[in-house]
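In this text, residue positions in the sequence shown follow our numbering: the first is 557, and each later residue adds one.
For each residue, glycine too, the CB sits at the ideal point set by N, CA and C.
Note that this is a predicted model, so its numbers are computed, not measured.
To start, the structure itself, in C-alpha cells.
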Amino acid sequence: MSALFSLNGKRALVTGASRGLGKAIAEALAQAGASVVCCSSQLDGASKTAAEIEAKGGQAFALAADLSDLEQVRLLAQQALALGEVHILVNCGGTIFRAPAVDYPMQEWQNVMRVNLDSAFLLSQLLGAEMLKRGQGKIINIASMLSYSGGITVPAYTASKHAITGLTKALANEWAASGLNINAIAPGYFRTDNTFALQQDQVRNQAILARIPA
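Spelled out as C-alpha cells, the structure:
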C-alpha cells in the first residue's frame, strides 16, 4: 500500500507548515517520500518543522514568507523553484479575524483576503505555469466547512473560503486537460490556533462536538 502512494522523487511546497494542519500535511508528505519545502511567516517555525522531518529520515527545506505581502509570495515561488521542480503545491497558510460584520475593519478584511485567497491564487499561477510546461502537477487548496456555510462573526474568512472553492473549480476547468490535478479539502474542526476562540466558548464548542459521531 505504501508503494501505491509513494511520493519518492517529488517535491512539495506547503504553506502554513509551522503548526496545525499545515505541519501535519508537510509531515505526511515527507513520510510518503516527498521532499518538502516548509513555508511559514516566521523562518523559525518552518525550520522547526523541517528539522523534525529530517530527524525522521525525510528531506525538507525551510522558507519564510508573509502571505499578506504578494512580493514576498512571488519571492517564495522563485526560491522554491530554485530548489528544483515543484510537483505538489499545498495552499494551507491562512488567517482569521473575528468581529461582528457591522464593526468589521476593512483593513482586517483585506488582510484575510490577501493571506487566504490572493496568495493561493498567485502561488497557483506561478507554480502552475511551470507544471503546465511539464504536463503534470498537483495543487491542493485547504478550504473549510465555512466554504459551504456562513459561520458567525467571521465574514472575511467565510468569503475567502467560499472563494477558494471557486478558484479550485476554475483552475481545474482550465488546467485538467493539460495534466494538472486541482483539488480542495474542506476539513472539519481541529484544535488549532484558528479555532482557539471556539474552543474557549463552551456553548459553541459543545454544539460542534455534538455534531461529530463518536
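Per-residue DSSP class, three states only, for residue i
{"i": "M557", "result": "Low confidence applies to M557: its pLDDT is 41, below 50, so where it sits in the model is not reliable enough to give any reading."}
{"i": "T571", "result": "coil"}
{"i": "N647", "result": "strand"}
{"i": "I609", "result": "helix"}
{"i": "G722", "result": "helix"}
{"i": "L563", "result": "coil"}
{"i": "S675", "result": "helix"}
{"i": "S596", "result": "strand"}
{"i": "D625", "result": "coil"}
{"i": "R654", "result": "coil"}
{"i": "E641", "result": "coil"}
{"i": "P661", "result": "coil"}
{"i": "G578", "result": "helix"}
{"i": "T709", "result": "coil"}
Distance between residue j and residue i (C-alpha atoms, nearest Å)
{"i": "G691", "j": "S574", "result": "30 Å"}
{"i": "H516", "j": "I708", "result": "Summary: the structure shown does not reach residue 516, with the chain confined to residues 557 through 770, and so no result is reported for it."}
{"i": "V671", "j": "L623", "result": "5 Å"}
{"i": "V629", "j": "K694", "result": "19 Å"}
{"i": "M701", "j": "L673", "result": "16 Å"}
{"i": "M557", "j": "D659", "result": "Only weak support is given to the placement of M557: the predicted model assigns it a pLDDT of 41, under 50, and the value that follows is read from those uncertain coordinates. If you take the alpha carbons of M557 and D659, they lie about 52 Å apart."}
{"i": "L619", "j": "E583", "result": "16 Å"}
{"i": "M669", "j": "Q681", "result": "17 Å"}
{"i": "S705", "j": "K717", "result": "10 Å"}
{"i": "L683", "j": "W731", "result": "12 Å"}
{"i": "A607", "j": "E641", "result": "21 Å"}
{"i": "L639", "j": "M662", "result": "37 Å"}
{"i": "K566", "j": "G722", "result": "27 Å"}
{"i": "N739", "j": "P656", "result": "31 Å"}
{"i": "D600", "j": "E627", "result": "20 Å"}
{"i": "T714", "j": "Q666", "result": "13 Å"}
Option nearest residue i by Cα separation, candidates the options
{"i": "V646", "options": "S734, A636, L702", "result": "A636"}
{"i": "K579", "options": "N667, W731, G649", "result": "G649"}
{"i": "E664", "options": "P743, L585, A712, I696", "result": "A712"}
{"i": "Q634", "options": "N697, N564, I741, L569", "result": "L569"}
{"i": "A728", "options": "L626, A657, L688, N667", "result": "L688"}
{"i": "I696", "options": "F677, T714, E686", "result": "F677"}
{"i": "G735", "options": "E686, A719, A742", "result": "E686"}
{"i": "I698", "options": "A742, L560, N737", "result": "A742"}
{"i": "L631", "options": "E610, A602, L679", "result": "L679"}
Beta-ladder partner(s) of residue i, from DSSP
{"i": "Q615", "result": "S591"}
{"i": "A740", "result": "N697"}
{"i": "A636", "result": "The partner list for A636 (beta bridge, DSSP) is empty, contrary to what the question assumes."}
{"i": "A620", "result": "S596"}
Inter-residue CB distance, residue i and residue j (contact presumed, cutoff 8 Å)
{"i": "I652", "j": "V593", "result": "The Cβ separation is near 24 Å, so there is no contact."}
{"i": "F617", "j": "A588", "result": "That pair is no contact at about 17 Å."}
C-beta neighbour in chain D for residue i, strict 7 Å
{"i": "E730", "result": "Protein chain content of the structure displayed is limited to a single chain, and chain D is not contained in it."}
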